[in-house]
Each structure stands twice: as structure tokens, then as C-alpha cells.
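Inspection log for the structure reproduced underneath, given as C-alpha cells.
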Amino acid sequence: MNQEYSAAFLWQTTWGEYRELDGGGWEAVWRITFRPGGGSPQENVEILDDPSIGFRSFLRSGAGVEPAAELVVISREPSMSAVNYPATYSSFRIVNDEVAEIQQIQGLVRDWYPPFR
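In the UniProt record's numbering, the protein residues as written are 1 to 117.
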């Protein structure tokens, strides 16, 4: 059985901008753009809180012309630690399903990111 894997299935994504916080922990900020006409939040919205892994995310409303916001993730482990992946991707899904339909994440098509693949 010949199962070739094509490079066409690889999409290079960009992680949100991250930094270590002075008091400990990490912050990652993801730029989210919503589909036109679908609305966007006018105030901050709590998205996910998982104390078992030290993870919390909220949507910070955007003030720009386009319908946009920032998904802010505060975590105990470094932002790119694998322990944060499932909760981060769950946050994307919650934003998409309960706030407004996502068009782009970090300027890239949302379908390049889990859970949309």
C-alpha cells in the first residue's frame, strides 16, 4: 500500500503574539477577524477558564473599522506549551459558535487552524 503525504496538505500558521508576564505566567494575543455582516463583540467576553491547567481566555473587543477582536489567553505554562493547545483551539470554536463567525486568525484563513481543519 503506497500512502504518499503531499506537502499541499501543510499550512504554516502563526501563533498569537506572546510574552511572559511580570507576576508569572504567560499571555498570548490572537488577532481575530470576523465575517462581514456577522457582527463582533462590543465589550470583553469571557471565553474559557480551566484552572486545572492554569488557562483562561477572553475576547477583547476591537476598535477598528473591520469586525475584529483579540483573543487573549493567560496561561501558567509558556504560551506555546502543548498543554495549552486543546484549550486554545476550544476557545477558537467557542468564539466562532457563540460570539461571531471567524473569518481569519492572525491574518490567515481560519480553516488553517484547528478546530476548523
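Using N, Cα and C, we set each Cβ at its ideal position, and we do this for glycine too.
Output yes or no for whether 7 angstroms exceeds the beta carbon distance between residue i and residue j.
{"i": "residue 35", "j": "residue 101", "result": "yes"}
{"i": "residue 61", "j": "residue 69", "result": "yes"}
{"i": "residue 57", "j": "residue 91", "result": "yes"}
{"i": "residue 71", "j": "residue 59", "result": "yes"}
{"i": "residue 104", "j": "residue 33", "result": "yes"}
{"i": "residue 7", "j": "residue 73", "result": "no"}
Which whole-angstrom value describes the C-beta separation of residue i and residue j, a residue pair presumed to lie in contact below a C-beta threshold of 8 angstroms?
{"i": "residue 67", "j": "residue 89", "result": "The Cβ separation is near 21 angstroms, so there is no contact."}
{"i": "residue 31", "j": "residue 106", "result": "6 angstroms"}
Starting from the Cα of residue i, find the closest Cα among the options and give me that residue.
{"i": "residue 83", "options": "54, 37 and 94", "result": "54"}
{"i": "residue 25", "options": "96, 43 and 51", "result": "51"}
{"i": "residue 117", "options": "9, 37, 3 and 40", "result": "9"}
If you follow the alpha helix (DSSP H) that residue i is part of, which residue opens it and which one closes it?
{"i": "residue 91", "result": "85-94"}
What residue does the beta strand (DSSP E) around residue i start on, and which one ends it?
{"i": "residue 34", "result": "26-34"}
{"i": "residue 9", "result": "No beta strand (DSSP E) contains residue 9, which DSSP labels as neither H nor E."}
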